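K.L.:
One structure follows; several queries about it will come next.
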Amino acid sequence: MLTNLRKLLLFVSLLISLLSVQGQSTGDQKIEWLTFQEAIKRNATNPKKIFIDVFTDWCGWCKRMDATTFKDSTVVMTFNKYFHAVKLDAEGNDTVVFSGYTFINPNPGGKRSTHQLAAALLQGKMSYPSFVILDDSNRMLTTLPGFQPVERIIPVLNFFGENNYKKMSWEQYSQKIAGQKQMQSDPKKPE
2 MLTNLRKLLL FVSLLISLLS VQGQSTGDQK IEWLTFQEAI KRNATNPKKI FIDVFTDWCG
62 WCKRMDATTF KDSTVVMTFN KYFHAVKLDA EGNDTVVFSG YTFINPNPGG KRSTHQLAAA
122 LLQGKMSYPS FVILDDSNRM LTTLPGFQPV ERIIPVLNFF GENNYKKMSW EQYSQKIAGQ
182 KQMQSDPKKP E
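Written out as C-alpha coordinates, the structure reads:
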(Lines of atoms letter the chains of each structure in order from A and count residues from 1; the text may use other names and numbers.)
(Lines give C-alpha, C1' and ligand atoms only; values in the text may rest on other atoms or scores of the structure.)
Protein backbone atom coordinates (compact mmCIF):
# COMPACT_ATOMS: atom_id res chain seq x y z
CA MET A 1 0.00 0.00 0.00
CA LEU A 2 2.80 2.41 0.92
CA THR A 3 4.64 1.53 -2.29
CA ASN A 4 1.57 2.32 -4.39
CA LEU A 5 1.17 5.65 -2.61
CA ARG A 6 4.82 6.52 -3.29
CA LYS A 7 4.40 5.61 -6.97
CA LEU A 8 1.29 7.77 -7.17
CA LEU A 9 3.04 10.72 -5.50
CA LEU A 10 6.03 10.31 -7.82
CA PHE A 11 3.75 10.20 -10.87
CA VAL A 12 1.80 13.28 -9.74
CA SER A 13 4.97 15.27 -9.02
CA LEU A 14 6.43 14.31 -12.43
CA LEU A 15 3.19 15.32 -14.12
CA ILE A 16 3.17 18.68 -12.33
CA SER A 17 6.80 19.25 -13.30
CA LEU A 18 6.12 18.47 -16.95
CA LEU A 19 3.08 20.73 -17.05
CA SER A 20 4.95 23.62 -15.46
CA VAL A 21 7.85 23.28 -17.93
CA GLN A 22 5.43 23.11 -20.86
CA GLY A 23 3.60 26.20 -19.57
CA GLN A 24 6.85 28.12 -19.35
CA SER A 25 7.88 27.35 -22.91
CA THR A 26 4.64 28.64 -24.43
CA GLY A 27 3.32 30.99 -21.75
CA ASP A 28 6.50 33.04 -21.46
CA GLN A 29 6.72 33.80 -25.17
CA LYS A 30 5.98 37.43 -25.86
CA ILE A 31 6.38 39.82 -28.73
CA GLU A 32 9.62 41.70 -28.25
CA TRP A 33 8.43 45.30 -28.51
CA LEU A 34 11.06 47.89 -29.40
CA THR A 35 11.14 51.63 -29.77
CA PHE A 36 11.25 52.94 -33.32
CA GLN A 37 14.93 53.90 -32.92
CA GLU A 38 15.82 50.44 -31.53
CA ALA A 39 14.11 48.70 -34.46
CA ILE A 40 15.90 50.82 -37.06
CA LYS A 41 19.23 50.18 -35.33
CA ARG A 42 18.58 46.44 -35.04
CA ASN A 43 17.44 46.31 -38.66
CA ALA A 44 20.88 47.50 -39.77
CA THR A 45 22.51 44.32 -38.42
CA ASN A 46 19.55 41.90 -38.53
CA PRO A 47 17.31 42.88 -41.47
CA LYS A 48 13.63 42.09 -41.01
CA LYS A 49 10.39 43.81 -41.79
CA ILE A 50 9.29 46.33 -39.16
CA PHE A 51 5.75 46.16 -37.79
CA ILE A 52 4.67 49.38 -36.09
CA ASP A 53 1.71 49.45 -33.71
CA VAL A 54 0.56 53.09 -33.64
CA PHE A 55 -1.51 53.47 -30.47
CA THR A 56 -2.64 55.92 -27.80
CA ASP A 57 -3.03 55.34 -24.08
CA TRP A 58 -6.76 56.21 -24.19
CA CYS A 59 -7.60 53.83 -27.06
CA GLY A 60 -9.79 50.92 -25.94
CA TRP A 61 -9.26 48.89 -29.13
CA CYS A 62 -5.49 49.30 -28.71
CA LYS A 63 -5.75 47.78 -25.24
CA ARG A 64 -7.86 44.95 -26.63
CA MET A 65 -5.17 44.20 -29.25
CA ASP A 66 -2.61 43.99 -26.45
CA ALA A 67 -4.84 41.73 -24.34
CA THR A 68 -5.94 39.36 -27.12
CA THR A 69 -4.31 39.37 -30.55
CA PHE A 70 -0.79 40.22 -29.39
CA LYS A 71 -0.93 37.45 -26.75
CA ASP A 72 -1.87 34.68 -29.20
CA SER A 73 0.96 32.12 -29.48
CA THR A 74 0.81 31.94 -33.30
CA VAL A 75 0.86 35.73 -33.57
CA VAL A 76 3.79 35.94 -31.15
CA MET A 77 5.75 33.27 -33.04
CA THR A 78 5.08 34.95 -36.40
CA PHE A 79 6.09 38.38 -35.10
CA ASN A 80 9.31 37.15 -33.56
CA LYS A 81 10.22 35.20 -36.71
CA TYR A 82 9.60 37.86 -39.37
CA PHE A 83 9.43 41.29 -37.73
CA HIS A 84 11.02 43.83 -35.49
CA ALA A 85 7.93 44.94 -33.55
CA VAL A 86 7.53 48.60 -32.56
CA LYS A 87 5.11 50.30 -30.20
CA LEU A 88 4.71 53.94 -31.25
CA ASP A 89 2.64 56.18 -28.99
CA ALA A 90 0.91 58.52 -31.46
CA GLU A 91 0.83 61.19 -28.75
CA GLY A 92 4.25 60.44 -27.24
CA ASN A 93 6.97 62.97 -26.46
CA ASP A 94 10.03 61.15 -27.84
CA THR A 95 12.23 62.79 -30.44
CA VAL A 96 12.82 60.35 -33.30
CA VAL A 97 15.43 60.78 -36.03
CA PHE A 98 14.66 58.75 -39.16
CA SER A 99 15.88 59.07 -42.76
CA GLY A 100 17.54 62.40 -42.03
CA TYR A 101 14.42 63.94 -40.49
CA THR A 102 13.70 64.74 -36.86
CA PHE A 103 10.16 63.94 -35.71
CA ILE A 104 8.68 65.43 -32.54
CA ASN A 105 5.38 66.05 -30.85
CA PRO A 106 4.95 69.79 -31.50
CA ASN A 107 2.73 70.29 -28.45
CA PRO A 108 3.76 67.59 -25.96
CA GLY A 109 1.74 69.05 -23.10
CA GLY A 110 -1.38 69.48 -25.20
CA LYS A 111 -4.36 67.18 -25.11
CA ARG A 112 -4.23 64.61 -27.94
CA SER A 113 -1.32 66.28 -29.69
CA THR A 114 -0.08 64.01 -32.48
CA HIS A 115 3.55 63.01 -32.87
CA GLN A 116 4.90 63.95 -36.31
CA LEU A 117 6.21 60.43 -36.99
CA ALA A 118 2.78 58.90 -36.34
CA ALA A 119 1.17 61.47 -38.66
CA ALA A 120 3.78 60.78 -41.36
CA LEU A 121 3.47 56.98 -41.12
CA LEU A 122 -0.33 57.11 -41.18
CA GLN A 123 -0.30 59.79 -43.89
CA GLY A 124 -2.52 62.01 -41.76
CA LYS A 125 -5.25 59.35 -41.39
CA MET A 126 -5.21 59.27 -37.62
CA SER A 127 -7.17 56.29 -36.28
CA TYR A 128 -6.16 53.95 -33.51
CA PRO A 129 -4.97 51.36 -33.48
CA SER A 130 -3.28 51.48 -36.85
CA PHE A 131 -0.42 49.33 -38.04
CA VAL A 132 2.37 50.10 -40.48
CA ILE A 133 4.67 47.53 -42.07
CA LEU A 134 8.05 48.60 -43.42
CA ASP A 135 10.27 46.35 -45.52
CA ASP A 136 13.77 45.43 -44.41
CA SER A 137 15.06 48.59 -46.11
CA ASN A 138 12.66 50.71 -44.01
CA ARG A 139 10.31 51.50 -46.91
CA MET A 140 6.58 51.49 -46.26
CA LEU A 141 4.73 48.42 -47.51
CA THR A 142 1.25 48.97 -46.09
CA THR A 143 -0.93 50.56 -43.45
CA LEU A 144 -3.61 48.56 -41.69
CA PRO A 145 -6.19 50.54 -39.67
CA GLY A 146 -8.34 49.23 -36.84
CA PHE A 147 -8.57 46.31 -34.46
CA GLN A 148 -7.26 43.08 -36.00
CA PRO A 149 -8.39 39.76 -34.53
CA VAL A 150 -6.01 36.81 -34.75
CA GLU A 151 -7.71 35.26 -37.78
CA ARG A 152 -7.35 38.50 -39.76
CA ILE A 153 -3.82 39.49 -38.76
CA ILE A 154 -2.09 36.10 -39.27
CA PRO A 155 -2.59 36.12 -43.07
CA VAL A 156 -1.32 39.72 -43.24
CA LEU A 157 1.78 38.87 -41.20
CA ASN A 158 2.50 35.84 -43.38
CA PHE A 159 1.81 37.72 -46.63
CA PHE A 160 4.51 40.26 -45.80
CA GLY A 161 6.75 38.16 -43.55
CA GLU A 162 7.14 35.36 -46.11
CA ASN A 163 7.61 37.88 -48.97
CA ASN A 164 4.44 36.74 -50.74
CA TYR A 165 3.78 40.40 -51.59
CA LYS A 166 6.72 40.19 -54.02
CA LYS A 167 5.10 37.31 -55.94
CA MET A 168 1.37 38.07 -55.93
CA SER A 169 -1.30 40.58 -55.03
CA TRP A 170 -3.16 40.49 -51.71
CA GLU A 171 -6.27 39.31 -53.57
CA GLN A 172 -4.38 36.39 -55.14
CA TYR A 173 -2.85 35.48 -51.79
CA SER A 174 -6.25 35.64 -50.06
CA GLN A 175 -7.74 33.32 -52.67
CA LYS A 176 -4.79 30.95 -52.35
CA ILE A 177 -5.07 30.63 -48.57
CA ALA A 178 -8.88 30.40 -48.76
CA GLY A 179 -8.44 27.48 -51.17
CA GLN A 180 -5.94 25.82 -48.82
CA LYS A 181 -8.33 26.18 -45.88
CA GLN A 182 -11.17 24.71 -47.96
CA MET A 183 -8.98 21.74 -48.92
CA GLN A 184 -8.06 21.13 -45.26
CA SER A 185 -11.62 21.35 -43.97
CA ASP A 186 -13.28 19.45 -46.85
CA PRO A 187 -10.74 17.19 -48.55
CA LYS A 188 -12.08 15.53 -51.67
CA LYS A 189 -11.06 11.95 -52.14
CA PRO A 190 -9.98 10.99 -55.65
CA GLU A 191 -12.51 8.73 -57.36
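All you need for this note's numbering is the position in the sequence shown, starting with 1, plus 1. Backbone N, C-alpha and C fix where the C-beta goes; we use that ideal spot for every residue, glycine too. Because the structure is a prediction, the values reported are computed rather than measured.
#1: Should residue 137 be counted as a contact of the ligand MG given a C-beta to heavy atom distance under 6 Å?
#2: Using the C-alpha atoms, what's the distance from residue 46 back to residue 147?
#3: How close, in whole Å, do the beta carbons of residue 99 and residue 118 come, if the pair is a contact with beta carbons under 8 Å?
#4: Given this structure, state the Cα-to-Cα distance separating residue 128 from residue 56, to the nearest angstrom.
#5: DSSP state of residue 102, grouped into three classes?
#6: Counting only the same chain and skipping the five closest in sequence on each side, list residues whose C-beta sits under 6 Å from that of residue 52.
#7: Below 7 Å between beta carbons: does that hold for residue 116 and residue 106?
#8: Closest to residue 32 by C-alpha separation, out of 77, 69, 44, would be which residue?
#9: Which first and last residues belong to the beta strand (DSSP E) in which residue 114 is found?
#10: By how many angstroms is the C-alpha of residue 179 removed from the C-alpha of residue 89?
#11: In the DSSP assignment, find the beta strand (DSSP E) that holds residue 127 and state where it starts and stops.
#12: Under the three-state reduction of DSSP, which class applies to residue 36: helix, strand or coil?
#13: Would you list, in sequence order, the uninterrupted beta strand (DSSP E) runs of no fewer than 3 residues that lie entirely inside the region 38-76?
#14: Quick one: what's got a C-beta closer than 6 Å to residue 34's C-beta in the same chain, skipping five residues either side?
P.N.:
This is what the structure holds:
#1: This structure simply doesn't include the ligand MG, nor any ligand for that matter.
#2: 31 Å
#3: 7 Å
#4: 9 Å
#5: strand
#6: 84, 86, 134
#7: yes
#8: 77
#9: No beta strand (DSSP E) contains residue 114, which DSSP labels as neither H nor E.
#10: 32 Å
#11: Element bounds for residue 127: n/a, residue is neither H nor E.
#12: coil
#13: 50-56
#14: Excluding positions up to five away in sequence, the list reads 86, 88.
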